[in-house]
């Protein structure tokens, strides 16, 4: 183990970013975790104080700091609303990398990030293998939402109502694509992302149908790797960088106009975090060319809301934090829903808020995550909607789990699916 | 008593999950929003009901443990910075609104209720709770009462103390003391409620607070007046009051703040203006029309360069956005932001503004000033970097000078932030030794072991 002084010196590099926090505590009004626990270490101000304290050697136990830093959804709501403009996400990701570099990754994290994520082929085979056997271990929970729960007491599944792995992931249904520019004059690189590929292939197929309808050429290479956010948020910058390099290589081998993803998290990771945290070259993948699918449809292709009809279907739209906070995209997904004839967006009572998923937060702190998510499910029910829609597959998993557990039988769909159905 | 056995005792009262002793947790309660050194407590406890709260107080007293009660920790004077190795008692779980009485216009709350949430609940019943401190989105009512928090509406509606009808509190032995009433009139006994307000946790621990509610105004009108000199703006403030108009809000921004806010938001403020007044009148629609027209005349008579009246809700929001932006915009200029709240009689604002300019020059510091001109409560905001040791020294000297000046002008040390640790050393300058001595005796009798938030308000004179 390295010297704790080295850890402090490394963290000192964050000092300029950290001193911007004037400790006003206004982040307490924004944080979904703090709203549940009322603990200072669960809110941004407290976490910044811990990082700063470790850097100033006022603290001696980095393990305790690591544990508390992990209790964050990285939803970015505090950052958007911070009076002093503290770059919270940057600080948290950097601090996690520094502290984990010092403490080392856990065994399971090493296996996941270093052996699995960075070997997409192996990962795909393992997932297919899992898909074969999952039926034996699970039983149906809600047929409308399509959720299952564990038949036996399985550690990770806990009391989750989960979406099963797709019988045929997207990469098995459409191995790869390399179509040329159609009448739109545009060609996009398509990055479905892990959850779309393995759990919601229908979202990926919807995107491809939309591209075809609008005559947009598609480049979707085989062997795409994860965008890297699980590794980065766990503080494994090495695995993150190798994932970025793999993807950059794939997507830089041919010309395209925009890189499109149907996943809010993937978009914000590729657009904001790749340039910020990857030391290597980004090739063709320049931030300004990376775009969320709904933004592409509205801002580039000019898709417009349809005329209002009678008896429109009510669709509750949940703003994924990575779209709302990191990319400031809120109108586009709503417009795309209303572009699908016969559908109308309804707003959730209390306004936009995090669903509590937060990627690995959901795995490490499931009860807290579910506590936040249950309220979201109740808000969706209260909105009177017949369908819950969002633009992030990770949110879709969480919404499915929460609605199913609350016995609110409303299907969860990606905005792209709703639009594709109307074509 | 060892920390471990103490932890067990607290766990028996509040539950193991509500007792924190790990280094990281303690570190997170070693500060509040004041720019002061961090002081780590020995244990943190978060009681979830009032019975446990009383037991925590009693236990602390029995073992001579120094007790600091903490809500949101947004205190700007160090009132919630704990005693070294002491106990921090969190009120964040005591967050229930127990009653909103629409017939008798009062509400009963636990101390941990968040101010803005309470105000919203009250508004949903068609009533108004006027105190609106800048931190209301996170601050707790217990903290507001303990610090006697102010706000933008204080000019017409008063500060927190004007809305406290009663407080049930635990004395240092853990006995529940009931004060005040749910009636508009109540003259029984000592005004213990009044004694508790602004006592900053040094005399008792709040269990329940009875707050007065009022009907909301039927009409509101906002305006923004630009001036090319500070003197004219200040005279306008006095003239408005002298004309027997009391606006709900009358706020001031100096040129540095205007420029910084414009740089931050780009909302079209006149960066050439020496000062801005942001004014809001409320009440009966006819009176509001009348008052607003008179205010425009008064502004013009004092040579206002321009007076803009908000014609709709959107324009009204724009006026207040400029004011809300003042602190965030200033906070981004330099790493450390020291926000003071020296308050002078409003006729002395021009003199105070001149003094602030002189102090900024003398100590080579950047000071942006905004605040509640209508009640003389200014917020000179020093923009600095506390890591620069020499500059930080000058900041301390400048703060001394600011308070010297405010007192010399017949003002006070704090309009709304409280005394806490930060200003305890100046107290005798404002109130004289007899007042300190009297307060000291009171504290000694009420809290013989000096466990209730020691060192606050009366400072070192106590120990």
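Residue numbers (the working numbering), protein chains in the order written: chain F, 20 to 442; chain U, 20 to 482.
In this text, a Cβ means the ideal position worked out from N, Cα and C, and glycines have one as well.
Here the structure is a predicted model, which means the values were calculated and not measured.
- Residue 201 of chain F sits away from residue 149 of chain F, with the two beta carbons spaced by 8 Å or more.
- By the Cβ-count criterion, residue 152 of chain F is exposed, with fewer than 16 other Cβ atoms from all chains shown falling within 10 Å of its own Cβ.
- Annotation for residue 310 of chain F: the continuous beta strand (DSSP E) segment containing it runs 309-311.
- Burial is judged here by how many other beta carbons sit within 10 angstroms of a residue's own beta carbon; residue 148 of chain U has at least 16 and is buried.
- Secondary structure of residue 409 of chain U (DSSP, three-state): helix.
- At least one CB of chain U lies nearer than 8 Å to the CB of residue 48 of chain F.
- The straight-line gap separating the alpha-carbon atoms of residue 234 of chain U and residue 451 of chain U is approximately 40 Å.
- Apart from sequence neighbours up to five positions away, the residues of its chain that approach residue 369 of chain U with a beta-carbon distance below 7 Å are 249, 250, 253, ordered along the chain.
- The three-state secondary structure of residue 183 of chain F, taken from DSSP, is coil.
- Of all residues in the region 33-63 of chain U, those with a C-beta nearer than 9 Å to a C-beta of chain F are 39, 41, 42, 43, 44, 46, 47, 48, 49, 50, 51, 52, 53, 54, 57, 59, 63, reading in chain order.
- Counting the other CB atoms within 10 Å of its CB gives residue 404 of chain F a total of 16 or more, which places it among the buried residues.
- Here residue 162 of chain U is buried: its Cβ has 16 or more other Cβ atoms, across all protein chains shown, within 10 Å.
- Three or more beta-carbon pairs separated by less than 8 Å link the region 258-278 of chain U to the region 290-301 of chain U, which places the two stretches in contact.
- At a Cβ-Cβ threshold of 8 Å, residue 100 of chain U and residue 440 of chain U count as neighbours.
- In the three-state reduction of the DSSP assignment, residue 341 of chain F falls in the helix class, which pools H, G and I.
- Taking residue 102 of chain F as the centre and dropping the five residues before and after it, the same chain places the C-beta of 43, 45 closer than 7 Å to its C-beta, in chain order.
- Contact annotation: in the region 68-98 of chain F, residues whose CB is within less than 7 Å of a CB in chain U are 68, 69, 72, 77, 78, 79, 80, 83, 84, 87.
- Listed in chain order, the alpha helix (DSSP H) elements of length 4 or more contained wholly in the region 233-320 of chain U are 249-261, 274-284, 304-320.
- In the DSSP annotation of this structure, residue 111 of chain U is not part of any alpha helix (DSSP H), being labelled neither H nor E.
- Here residue 417 of chain U has 378, 382, 384 as same chain residues with Cβ atoms under 6 Å from its own Cβ, once five neighbours each way along the sequence are excluded.
- Taking C-alpha positions only, residue 460 of chain U is separated from residue 214 of chain U by approximately 14 Å.
- Per DSSP, reduced to three states, the secondary structure at residue 202 of chain F is coil, with no helix or strand assignment.
- Restricting attention to alpha helix (DSSP H) runs no shorter than 4 residues, the region 287-369 of chain F encloses them at 293-296, 350-358, ordered along the chain.
- With three or more CB-CB distances shorter than 8 Å, the region 296-311 of chain U counts as touching the region 238-246 of chain U.
- Counting along the chain, residue 66 of chain F sits inside no beta strand (DSSP E); it lies in the alpha helix (DSSP H) bounded by residues 63-74.
- At least one beta carbon of chain U lies nearer than 8 Å to the beta carbon of residue 45 of chain F.
- Distance between residue 128 of chain F and residue 443 of chain U, taken at the CA atoms: about 51 Å.
- Contact check for residue 406 of chain F against residue 432 of chain F passes: the beta carbons are separated by less than 8 Å.
- The way I'd put it, the region 203-210 of chain F does touch the region 270-279 of chain F; three or more beta-carbon pairs between them come closer than 8 Å.
- The Cβ neighbour count for residue 122 of chain U, taken over all protein chains shown within 10 Å, is under 16; the residue is labelled exposed.
- In this structure residue 110 of chain U is not in contact with residue 40 of chain U, their Cβ atoms being roughly 19 Å apart against a cut-off of 8 Å.
- In terms of beta-carbon proximity, residue 115 of chain F stays away from the interface with chain U, with every pair separated by 8 Å or more.
- Note that the region 23-32 of chain F does not touch the region 363-377 of chain F; fewer than 3 beta-carbon pairs, one per stretch, sit closer than 8 Å.
- For the set U/113, U/181, U/187, the Cα lying nearest the Cα of residue 68 of chain U is the one of U/113.
- The alpha-carbon of residue 230 of chain U is positioned some 11 Å away from that of residue 203 of chain U.
- Annotation: residue 346 of chain F to residue 119 of chain U spans about 41 Å, alpha carbon to alpha carbon.
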